[in-house]
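What follows is a short report on a single structure.
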Amino acid sequence: MSHASIERLQRSMRWRELANALLTACPVMFALVLGGARAGQVLMGVACAALVGIIAAFWLMRRLRRISLVHVSNRLDASLIQLEDSSGLLLRDRSALGVLQGLQRQRIEDRLRQLSLPDLRAPWPWWRLAASFVIAGLIVLASGWRPAASNAIAPAIDTGASADSGTSVPVKLLGSTVAVMAPAYTGMPQREESSLDVKALQGSRLRWSVRFDAQPDAVRLQFIDGDEIAMTRNEDAWSAEFHLEQSALYRIVTQPALAPEFDRLNRLDALPDEAPQIHVSNPERSLSLREAGQDRWPLAFVVDDDFGVAQVDLRITLVQGSGEQVGVSERQLRLRPESGGELRHRTFRHVLGLSQLGLVAGDDLIVQVEVSDNREPQANRARSASFILRWPIEPDVETSGIDGLVQKVMPAYFRSQRQIIIDTEALIAQRAQLAADAFLARSDAIGVDQKILRLRYGQFLGEEFESGARPESSVHGEDEDAHANSATQQDALGGDHDHAEAPARFGNEGDVVAQFGHTHDHAEAATLLDPQTKKLLRSALSEMWQAELHLRMGEAEKALPFENRALDFIKQVQQASRIYLARVGLELPPVDESRRLSGERKDVRDRPGVLAAAESERAPIDRLYRALQGGHGADLDTFDAWLRENPRLVGDALGLRAGIDALRRQPDCLDCRTRLLDALWKELPLPPAATALRERPDEQGRHYLDLLNRQESP
Numbered sequence: 011m012s013h014a015s016i017e018r019l020q021r022s023m024r025w026r027e028l029a030n031a032l033l034t035a036c037p038v039m040f041a042l043v044l045g046g047a048r049a050g051q052v053l054m055g056v057a058c059a060a061l062v063g064i065i066a067a068f069w070l071m072r073r074l075r076r077i078s079l080v081h082v083s084n085r086l087d088a089s090l091i092q093l094e095d096s097s098g099l100l101l102r103d104r105s106a107l108g109v110l111q112g113l114q115r116q117r118i119e120d121r122l123r124q125l126s127l128p129d130l131r132a133p134w135p136w137w138r139l140a141a142s143f144v145i146a147g148l149i150v151l152a153s154g155w156r157p158a159a160s161n162a163i164a165p166a167i168d169t170g171a172s173a174d175s176g177t178s179v180p181v182k183l184l185g186s187t188v189a190v191m192a193p194a195y196t197g198m199p200q201r202e203e204s205s206l207d208v209k210a211l212q213g214s215r216l217r218w219s220v221r222f223d224a225q226p227d228a229v230r231l232q233f234i235d236g237d238e239i240a241m242t243r244n245e246d247a248w249s250a251e252f253h254l255e256q257s258a259l260y261r262i263v264t265q266p267a268l269a270p271e272f273d274r275l276n277r278l279d280a281l282p283d284e285a286p287q288i289h290v291s292n293p294e295r296s297l298s299l300r301e302a303g304q305d306r307w308p309l310a311f312v313v314d315d316d317f318g319v320a321q322v323d324l325r326i327t328l329v330q331g332s333g334e335q336v337g338v339s340e341r342q343l344r345l346r347p348e349s350g351g352e353l354r355h356r357t358f359r360h361v362l363g364l365s366q367l368g369l370v371a372g373d374d375l376i377v378q379v380e381v382s383d384n385r386e387p388q389a390n391r392a393r394s395a396s397f398i399l400r401w402p403i404e405p406d407v408e409t410s411g412i413d414g415l416v417q418k419v420m421p422a423y424f425r426s427q428r429q430i431i432i433d434t435e436a437l438i439a440q441r442a443q444l445a446a447d448a449f450l451a452r453s454d455a456i457g458v459d460q461k462i463l464r465l466r467y468g469q470f471l472g473e474e475f476e477s478g479a480r481p482e483s484s485v486h487g488e489d490e491d492a493h494a495n496s497a498t499q500q501d502a503l504g505g506d507h508d509h510a511e512a513p514a515r516f517g518n519e520g521d522v523v524a525q526f527g528h529t530h531d532h533a534e535a536a537t538l539l540d541p542q543t544k545k546l547l548r549s550a551l552s553e554m555w556q557a558e559l560h561l562r563m564g565e566a567e568k569a570l571p572f573e574n575r576a577l578d579f580i581k582q583v584q585q586a587s588r589i590y591l592a593r594v595g596l597e598l599p600p601v602d603e604s605r606r607l608s609g610e611r612k613d614v615r616d617r618p619g620v621l622a623a624a625e626s627e628r629a630p631i632d633r634l635y636r637a638l639q640g641g642h643g644a645d646l647d648t649f650d651a652w653l654r655e656n657p658r659l660v661g662d663a664l665g666l667r668a669g670i671d672a673l674r675r676q677p678d679c680l681d682c683r684t685r686l687l688d689a690l691w692k693e694l695p696l697p698p699a700a701t702a703l704r705e706r707p708d709e710q711g712r713h714y715l716d717l718l719n720r721q722e723s724p
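One gets this note's numbering by counting positions in the sequence shown from 1 and adding 10 to each.
Shown next as C-alpha cells:
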C-alpha cells in the first residue's frame with residue numbers, strides 16, 4: 011500500500027534523527043562521567059552527564075515531532091514530480107474522497123509501485139559529530155591534568171647547600187604507615203593503614219612508621235590534650251607506639267617544623283566493644299500463666315556478640331506469699347550452649363522443673379539471663395528483661411459475715427459472667443418444658459444481660475455506650491421465677507447477681523461509673539491496665555459478642571462455650587497483676603514553738619526570690635555559638651575544658667575540638683570560624699517549648715467578631 015510506504019519513509023527518517031542525537035551526545039556524556047571519576051567528583055560528573063542527556067532528549071523530541079506523515083508526504087512530492095503533488099491523498103480516507111480525487115489517488119498508488127522511493131533521511135552531521143568528539147577529548151584531558159598532590163613524594167633536597175646558605179628548609183612528609191594490633195581476645199589479625207587518621211578497636215596498640223624527605227633532628231606525636239610521645243629513628247624511618255583507650259586528636263611535630271600543608275590534626279577513633287545481644291524466643295511474653303498440669307517451663311534464647319560469648323548465667327527468683335508476708339529466694343545456674351554453634355552466635359535451651367523449684371499456687375517464678383563476653387581486662391555484661399511464670403490462684407469466695415474483711419480488687423460487674431452462665435445452663439435444662447416462644451424470649455433476655463456486661467467491659471477499653479437497654483417487660487411470669495431461682499443458685503456459689511435492673515448502691519465505684527461515668531479518662535483504665543491485660547479484655551469481649559449473637563437467635567447451647575471462655579479470660583484479668591506498695595507515714599517537719607505567732611520574719615527568705623532559672627547542660631554550646639556569631643571574643647579554652655569533661659553530650663567531640671584548635675592557631679581565619687559555627691549549629695540545644703501570643707485580628711477580623719457578638723447578645 012502507498013500509505014505503508016509513507017510510514018516506512020517516516021520510520022527511516024526518525025531512526026536517522028535518533029542515531030544523530032546519540033552519536034552527538036554520548037561521547038560528551040561518557041567524557042563527563044570519566045572526567046568526574048578521574049577528578050574525584052563522580053557525582054558531579056554524573057550530574058553533568060545527566061544534564062547533557064536531558065538536553066539531547068528534549069532536542070530529539072522536537073525533531074521527531076516535526077517528522078509527521080504530512081511532512082513526509084510533502085518531501086516525497088518535492089522529490090518525485092511524477093506524483094503531481096498528490097501524495098497527500100494517500101493519507102486521507104478513501105470513502106471521504108470525491109470521484110476525481112479517488113481516480114487521482116489510484117493513479118498515485120500505481121505510480122508508487124513502479125517508482126523507487128527516494129532517501130529522505132537527513133544527512134550525517136559530520137561537523138557536529140566531530141565537534142562532539144573534540145569536546146569529549148578536551149574534557150578527558152582536562153580531568154587528567156591536575157597539580158601535584160600535597161602528599162606526593164618530593165624530590166630530594168640538598169641539605170648541605172641549605173646548611174651552607176643558613177636558611178631553614180621545611181620538612182616534608184614522604185609517607186606513613188600505621189600498624190593496628192587489636193587486643194588478643196578478638197582474634198583479629200594485624201593490619202596496616204596508610205592514612206594517619208585511624209579507626210581501631212578500643213584497647214588496640216598502634217605503631218607508626220613515618221618517613222620524611224630530609225631527616226629532622228627530632229620527631230614527636232603531640233596530642234591535643236597536651237600529652238606527647240617521642241618517636242625513635244630506625245634508619246630512614248621514625249616509629250612510635252601508643253595504646254588506644256579513647257578517641258583522640260594528634261599531630262606530627264618535627265624539628266625543624268613540618269611544611270604547612272602537612273601540619274594538621276589527625277584523628278584516632280576508638281571503637282567500643284559492644285555488649286552482647288540477647289534474643290529470647292521462648293517464652294514469647296514477659297508474663298506467662300501456668301497451665302493446668304504444667305510442671306516444666308522450657309526456655310530458649312540466642313546470644314550474639316561481636317567477639318565471642320564467655321559465659322551465660324540464668325538467674326532464678328522465686329516469689330512466695332502475699333501481702334506483707336512475701337518471701338523471695340534467688341539462685342543462679344551456669345548454662346551451656348548447644349553444640350555446633352559459632353563462638354559469636356550461641357543458642358541456649360534449658361527446662362526448669364516447677365516442682366523441684368517449689369512453685370505452688372499463688373507464687374511467681376522470675377528468670378533473667380545474664381551474659382558476659384571475652385573482653386579484657388573487664389568483660390562487657392548484658393542482662394535480659396525479666397520473664398515471669400505465675401501460678402494463679404482461685405479468687406477468694408465471699409461468705410456472709412466477713413464482707414468487710416475482703417478487699418475487692420475489681421469492680422463488682424467484673425463477676426457477673428458466672429451468673430449469665432448459670433442462667434444459660436438453667437434455660438438449657440428447662441428447654442423441654444418451655445414453649446418455643448418462651449424459650450426464645452428467655453434466651454433473648456440473657457442475651458440482653460450479656461450485652462450490658464459487654465458494654466461495661468468495653469468502657470475500660472475506650473468503647474462508647476450503645477443506645478438502648480433491656481426493657482423491663484423482657485422477663486415475664488415464670489421467667490422471673492427462673493431468674494430468681496438462678497439468683498439463689500448464684501448466692502449459694504458465693505457470687506453476685508449484678509444485672510441492669512438491680513438498684514445502685516450508694517458509694518459503690520462500679521455503680522457510680524456505670525450510671526454517670528465515661529471511662530475514657532478513668533484512672534484505672536488509663537494506668538493500671540497494662541497492654542497484656544487489655545489484650546485479655548479484648549478476647550473476653552470477642553467471646554461475649556459470639557455468646558450474645560447465639561443467645562439472641564435462641565441458640566443457648568451454642569452460646570455456652572463462648573460464655574465459659576469469656577469467664578476464663580475474666581479470671582486471668584483478675585490475676586493479671588500483683589502490685590506491692592510500701593506503707594509510709596506522714597512525716598511533717600517539727601514546728602518551732604518559740605517563733606510561732608510571733609510575727610518575726612528574721613531569716614525567712616522570699617521563696618520566689620530564691621528560685622533560679624534552670625540551665626541546660628548543653629548551655630555552653632549556645633554561649634560559644636552566640637559569641638562567635640557576634641564577632642566578639644569567645645572563651646575557647648573554657649569550652650574546650652567543658653568538652654573534655656562532657657564528650658558524650660555532643661555528637662562529634664573530636665570534630666569540635668579540631669575546629670577549636672584551628673581557630674586558636676589562626677584567630678583571623680574566617681573559614682575556620684565558619685566551619686566551627688557550622689559544627690556548633692548541629693549541636694545547639696533545642697529551645698524550650700513556649701506558648702505563643704494570639705495574633706491580634708485586623709480591621710476586617712474585628713468587624714467579623716463584632717458581628718458575632720451582636721448576634722449572640724439578646
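Every residue, glycine too, gets a C-beta built ideally from N, C-alpha and C.
GLU202: member of the beta strand (DSSP E) spanning 201-203, first to last residue.
If you check the CB distance, ILE234 and ARG667 come in under 8 angstroms. Secondary structure of VAL379 (DSSP, three-state): strand. The C-alpha of ASN276 lies about 57 angstroms from the C-alpha of ASP374. Cα atoms of ARG356 and LEU362: separation of roughly 20 angstroms, rounded to the nearest angstrom.
Rounded to whole angstroms, the gap between the alpha carbons of GLN710 and ILE631 is 45 angstroms. Membership of VAL290 in the beta strand (DSSP E) is indicated by the continuous run 287-292.
Contact between the region 212-224 and the region 239-251 is present, with at least three C-beta pairs closer than 8 angstroms. For the region 11-51, the continuous alpha helix (DSSP H) assignments of 4+ residues that do not extend past its boundaries occur at 12-48, in sequence order. Contact fails between the region 335-352 and the region 283-298, because fewer than three Cβ pairs, one in each stretch, are under 8 angstroms apart.
Contact between GLN639 and LEU687 holds: CB atoms are separated by about 7 angstroms, below the 8 angstroms threshold. Classified as exposed, ILE91 has fewer than 16 neighbouring CB atoms from the shown chains inside 10 Å of its CB. Between LEU183 and PHE272, the C-beta gap is smaller than 8 angstroms, which places the two residues in contact.
Taken in chain order, the whole beta strand (DSSP E) runs of length 3 or more contained in the region 280-354 are 287-292, 297-299, 306-314, 319-330 and 337-345.
Taking VAL43 as the centre and dropping the five residues before and after it, the same chain places the C-beta of GLY55, VAL56 and ALA59 closer than 7 angstroms to its C-beta, in chain order. Taking a cut-off of 8 angstroms on C-beta distances, the region 34-42 does not touch the region 79-93, as fewer than three cross pairs fall below it. In this structure the region 539-550 does not lie against the region 559-567, because fewer than three pairs of beta carbons, one per stretch, are closer than 8 angstroms.
If you check the CB distance, LEU690 and LEU634 come in under 8 angstroms.
The Cβ-Cβ distance between VAL181 and ASP207 does not fall below 8 angstroms. Under the criterion of beta carbons closer than 8 angstroms, ILE145 and VAL62 do not qualify as touching, at roughly 10 angstroms. For MET554, no beta strand (DSSP E) run applies; the uninterrupted alpha helix (DSSP H) run containing it begins and ends at 541-562, by DSSP. Using a Cβ distance threshold of 8 angstroms, ASP383 and VAL322 do not count as a contacting pair. The region 120-136 makes contact with the region 13-23; the number of CB pairs closer than 8 angstroms reaches 3 or more. About 12 angstroms separates the beta carbons of VAL336 and THR327, which is beyond the 8 angstroms limit, so they are not a contact pair. If you draw a straight line from the Cα of ASN244 to the Cα of GLN225, it is about 11 angstroms long. For GLY147 and ALA140, the gap between their C-alpha atoms comes out near 11 angstroms.
A straight-line Cα-Cα distance of about 13 angstroms links ILE64 and THR34. The C-beta of SER205 has fewer than 16 other C-beta atoms within 10 Å across all chains shown, which makes the residue exposed. Here the region 667-678 makes no contact with the region 698-715; the two share fewer than three CB pairs at distances below 8 angstroms.
Short of 8 angstroms from the beta carbon of ALA672, and not among the five residues preceding or following it, lie these beta carbons of its own chain, in chain order: LEU275, CYS679, CYS682, ARG685 and LEU686. At least 8 angstroms separates the beta-carbon of ILE670 from that of ASP645. For THR434 against GLU573, the beta-carbon gap comes to about 6 angstroms, under 8 angstroms, which counts as contact. For PHE449, the enclosing alpha helix (DSSP H) stretches over residues 446-469.
When rounded, the separation of the alpha-carbon atoms in ALA258 and ASP305 is 57 angstroms. When DSSP assignments are scanned along the region 103-156, the uninterrupted stretches of alpha helix (DSSP H) that are 4 or more residues long and fall wholly within it turn out to be 109-124 and 136-154.
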